[in-house]
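Student: The opening position of the sequence shown corresponds to residue 0 in numbering that gives the first Met the number 0, with each subsequent residue numbered one higher.
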Amino acid sequence: MGLFKRKTKVTLEMFIEHESNKAVGEKSEHLAELFATCKAKVRSSKEVAILSGFMPLLAMSLARLDENIQRGYASAFAQKIAAAYGNSSGEQYQERILEYLSAFDKDLAEGKGDKLPTMMSAVLNNICGTSDETLVLCRLGLLQFLLPSLRSDVEFFGELKFVNS
């Protein structure tokens, strides 16, 4: 957010590039640290990166950003993750988007948006290979990071105004 803090009018290309770089870098690193802190065995750092790319996309959807912006971001992130982890990673990202959105929607429909149990289980299964009680600390840590981050991104994205490049 630092790049746009004082500037509410940005170009679409600049926004997409900044957010996809931030997800692949800063957010992914923060999530990796979170898993290290809760002493979870991470099967794939690629899955951690995929989650870091999904969350801004979810925020864009909740902030009701134009679908072309969301598609542009998803495409840019898929390219970055494919470059970092191999070509199949971009396709895997697309699969996770659908899986995590479905889980998120189920949690909201069941009135569990404050705990996101279905989504957290899907995330932990993909990242750690399990979502059992041994990962309670990770589940709590993820919620403490993801919910405020999601809320902040939704508010921020909702205030953006895009200018022609």
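The beta carbon of each residue, even a glycine, is placed where N, CA and C say it ideally should be.
1. If you follow the alpha helix (DSSP H) that Lys-79 is part of, which residue opens it and which one closes it?
2. Expressed to the nearest angstrom, what Euclidean distance is found between the alpha-carbon atoms of Ser-60 and Ser-148?
3. Give the C-beta separation of Ala-31 and Val-47 to the nearest angstrom, bearing in mind that I take them to be a contact with Cβ-Cβ under 8 angstroms.
4. Cutting at 8 angstroms between CB atoms, please list the residues of its own chain near Leu-33, excluding the five before and the five after it.
5. Could you please give the first and the last residue of the uninterrupted beta strand (DSSP E) stretch that includes Thr-10?
6. Which runs of the alpha helix (DSSP H) at least 4 residues long sit entirely within the segment 132–160? Give them in chain order.
7. How many Å lie between Ala-81 and Val-135 at the Cα?
8. State whether the segment 90–105 contacts the segment 38–56, with contact taken as three or more CB pairs (one from each stretch) at a distance under 8 angstroms.
9. Is Glu-94 a contact residue of the ligand COA, with contact defined as CB to any heavy atom under 7 angstroms?
10. Let's see if you can read the secondary structure: which residues bound the alpha helix (DSSP H) around Cys-127?
11. If you reduce the DSSP assignment to three classes, tell me which class Val-162 lands in.
Tutor: Straight from the coordinates:
1. In the sequence shown, the residue the question calls residue 79 occupies position 80. Residues 66–84.
2. Along the sequence shown, one-based indexing puts residue 60 at 61. Along the sequence shown, one-based indexing puts residue 148 at 149. Their backbone Cα atoms lie some 14 angstroms apart in a straight line.
3. Counted from its first residue, the sequence shown places residue 31 at position 32. Counted from its first residue, the sequence shown places residue 47 at position 48. Correct: roughly 5 angstroms between the Cβ atoms.
4. For this step, residue 33 is matched to residue 34 along the sequence shown. Leaving aside the five residues that flank Leu-33 on each side, the residues in its chain whose CB is nearer than 8 angstroms to its CB run, in chain order, Cys-137, Gly-140, Leu-141 and Phe-144.
5. Against the sequence shown, residue 10 aligns to sequence position 11. First-last of the beta strand (DSSP E) with Thr-10: 8–10.
6. Runs of the alpha helix (DSSP H) lying entirely within the segment 132–160 and spanning at least 4 residues, in chain order: 135–158.
7. For the purposes of this step, residue 81 is taken as the residue at position 82 of the sequence shown. For the purposes of this step, residue 135 is taken as the residue at position 136 of the sequence shown. For Ala-81 and Val-135, the distance between alpha carbons rounds to 31 angstroms.
8. Output reads yes: the segment 38–56 touches the segment 90–105.
9. No copy of the ligand COA occurs in the structure displayed, which carries no ligand at all.
10. In the sequence shown, residue 127 corresponds to position 128, counting from 1. Unbroken alpha helix (DSSP H) run through Cys-127: 116–127.
11. Here residue 162 is taken as the residue at index 163 of the sequence shown, counted from 1. For Val-162, the three-state secondary structure derived from DSSP is strand.
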